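Reviewing the structure listed below.
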DNA sequence: ACCCGATATGCTCAACATGAGCATAGCAGG
DNA sequence: CCTGCTATGCTCATGTTGAGCATATCGGGT
């Protein structure tokens, strides 16, 4: 007899000092008791929690003290083998993942903030194309393609690889975060792939040296990849960035947050022009306290933009260089 | 003791004769046994179904004979009161809704295809602004705004109404389908609002004449609204329309399908220009069998576009007139 | 044979948006 | 009063988009 439980996962995002951070907890997920990073998660109380997101807010508050503002449902993960130990206990855990954006970085006890690019080093292009791609990822994927059992599979692996990582003349699409992670998982280039296999049929050992990038418990890195991709898409057509900023900010601050999320550098003047004539912000007349050069004007988010434009967002004024 | 069950809902979409259709089944959802339209749904078998979407495909095939191709997870609905009768039996049903796009219109026995604009008459702007908006919706919402208990609520209702329905100078955003439905629900302008309330506290009777637009069982119209909004957004940046078209088509056929989904008329020449230099399609040299005028060239979807552009889709060349 | 009604397709043009980069402004600190 | 720094203004070539005119090519009638 298999019992179903609803788990609720939260990807809680904040951006400070130009670093996008997510809230993680420690989890003893392997038999051996090794400790891994995990996303905060808790069960739905089917009697008490009127809605899923209320359940989420309830225990996030209980556990971390954080009171969530902007919350958005991300995706529901229900693969039978996503938690092998639960399965052995006759339990099927279906997890509904949420994305939450917060401003403050007040930390709980169990929790800690981590740079999300620690988990996905290949996603940060702000300092140029990450060298890990050409140094480690591309060759490893090349080997995986070559190891395909037949020509058709090889062809398919080639196409997926090229599209996901912008190889072979294809262009890099910042939103395909999940596609990239899943490809690496399938090619057994992330530790989770070995771990999951070992849990299903003990005895197999990890061979290849895994890629840089911190693993997570369960399928949490997959959830995180989903969140990152979704957020990168969303800032382009909904003014969600402002959930991550203080109510009053300079245009450079805004730009840095967008860059942190998108993982690319933007052309400053064009960025200004864009957000200004999109009507997304409104000058306050006040100026910023010094940051090194000429004082910057302080801006606020202009709520009226919601009435005016159908899809107001920060449509990235394209990569610099 | 409350038991949790996972339900799987399918919004199965096809477009024929310029009408977007969804597959519905009949459901006896009310106590009295009145029959309403419902979306096809079935339970997840927590032991047998390895993944959620496999479960979905399994029973859709069993029940309707349809073998689904393109399937995408939509949203997970978990409100405690979404199925009051289940709740009385100590059951909490969390439903994971999926969007499926199909070409053929082979019908099952229990199932039938329905024009989705029957459920949302205000969403079809192809013949101009639907008169139901100004004739019925706007006045009713106006009354609802006026009936707000305090100035703050009134202000908030006003803003939501204006943004959702493009009133008071705001612009219409085709993607806000769910926002509009939820607003109407909250303002008790759809039959479901009365039905749900009556099921919670019997005795109350429906007063106002409801708006045009066919109701559905449970919260299925909400699910449908989610699907429509999502699909309208998605065609703009992913080449999903082609899942609804035969492998070979004319540009006008393509345009009609996009128009059916988006609910607006497009400028023909600009639409052609757009899809052609976006590299989305490729001429075959062959021509269409007559449809009344000069023969049209037949096109096919150009898969290579996936490598070339980051977000290939049919970015609507804007409304005609 | 020629005209009409329908579509299909080509092309033009003005308005606007975008990618790049030069130039100037206004602060702090030696 | 330089120098280093960031903020802001502006220009300019190029692309993209909204509109609409013009022509092509079919079937069917007269």
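Residue numbers (my numbering), protein chains in the order written: chain Y, 1 to 321; chain H, 1001 to 1321. We put the CB at the ideal spot given by N, CA and C, even for glycine. Nothing here was measured: the structure is a model prediction, and the numbers come from that model.
- DSSP places residue 1055 of chain H inside the alpha helix (DSSP H), whose first and last residues are 1052–1064.
- Residue 96 of chain Y: member of the beta strand (DSSP E) spanning 91–101, first to last residue.
- In chain order, 121, 132, 136 place their CB closer than 8 Å to the CB of residue 212 of chain Y, counting only its own chain and leaving out the 5 sequence neighbours on each side.
- Residue 1152 of chain H is classed as exposed because its beta carbon has fewer than 16 other beta carbons within 10 Å across all chains shown.
- Of the candidates Y:263, Y:261, Y:260, Y:254, the residue whose Cα lies closest to the Cα of residue 269 of chain Y is Y:254.
- From the beta-carbon of residue 1075 of chain H, the residues of chain Y found nearer than 8 Å are 73.
- Under the Cβ criterion of 8 Å, residue 1051 of chain H is counted among the residues facing chain Y.
- Counting of Cβ neighbours within 10 angstroms places residue 1124 of chain H among the buried residues, the total reaching 16 or more.
- Spanning the alpha carbons of residue 5 of chain Y and residue 92 of chain Y requires a straight line of approximately 6 Å.
- With 16 or more other Cβ atoms inside 10 Å of its own Cβ, residue 95 of chain Y counts as buried.
- A check of alpha carbon separations from residue 1303 of chain H across H:1312, H:1245, H:1191 identifies H:1312 as the nearest.
- With respect to the 8 Å criterion, residue 1097 of chain H and residue 1077 of chain H are classified as neighbours on the basis of their beta carbons.
- With 16 or more other CB atoms across the displayed protein chains lying within 10 angstroms of its CB, residue 40 of chain Y is buried.
- Taking C-alpha positions only, residue 71 of chain Y is separated from residue 53 of chain Y by approximately 8 Å.
- Taking each of Y:196, Y:282, Y:140 in turn and checking the Cα distance to residue 300 of chain Y, the smallest one comes out for Y:282.
- When Cβ-Cβ separations below 8 Å define contact, residue 46 of chain Y makes contact with chain H.
- Checking the DSSP bridge columns, you'll see residue 1223 of chain H has no partner listed.
- Interface criterion not met: the Cβ of residue 1011 of chain H is under 8 Å from no Cβ in chain Y.
- Along the segment 150–171 of chain Y, the positions whose C-beta sits under 8 Å from a C-beta of chain H are 159, 162, 163, 168, 169, 170, 171, read in chain order.
- Setting aside the 5 residues that flank it on each side, residue 262 of chain Y is surrounded in the same chain by 174, 232, 235, 316, each with a C-beta closer than 8 Å to its C-beta; the list follows chain order.
- In the three-state reduction of the DSSP assignment, residue 1284 of chain H falls in the strand class.
- Legend: CB atoms of the segment 1304–1316 of chain H lying less than 8 Å from CB atoms of chain Y belong to residues 1306, 1307, 1308, 1309, 1310, 1311.
- Separation of residue 1109 of chain H and residue 1196 of chain H (C-alpha to C-alpha, rounded to the nearest whole angstrom) is 29 Å.
- By the neighbour-count definition (other C-beta atoms within 10 Å, threshold 16), residue 1216 of chain H is a buried residue.
- By the CB criterion at 8 Å, residue 13 of chain Y and residue 257 of chain Y fall outside the cutoff.
- Distances from the alpha-carbon of residue 1185 of chain H to those of H:1172, H:1154, H:1225 put H:1225 closest.
- Boundaries around residue 1112 of chain H are those of the beta strand (DSSP E), 1112–1115, since no alpha helix (DSSP H) includes it.
- Around the beta carbon of residue 291 of chain Y, fewer than 16 other beta carbons lie within 10 angstroms, which makes this residue exposed.
- Residue environment: residue 161 of chain Y is assigned as buried (16 or more neighbouring CB atoms within 10 Å of its CB, all protein chains considered).
- Residue 1017 of chain H: not part of any beta strand (DSSP E); DSSP gives it neither H nor E.
- Separation of residue 306 of chain Y and residue 1163 of chain H (C-alpha to C-alpha, rounded to the nearest whole angstrom) is 7 Å.
- Nearest neighbour of residue 1045 of chain H by Cα position, chosen from H:1245, H:1056, H:1238, turns out to be H:1056.
- Cβ-Cβ distances below 6 Å link residue 248 of chain Y to 298, 300 in the same chain, with the five nearest sequence neighbours on each side left out; the list follows chain order.
- Interface residue (Cβ-Cβ distance to chain H less than 8 Å): residue 92 of chain Y is classified as such.
- For residue 2 of chain Y, the neighbours in chain H by C-beta distance under 8 Å run, in chain order, 1046, 1047.
- Annotation: the continuous beta strand (DSSP E) that includes residue 70 of chain Y extends over 70–77.
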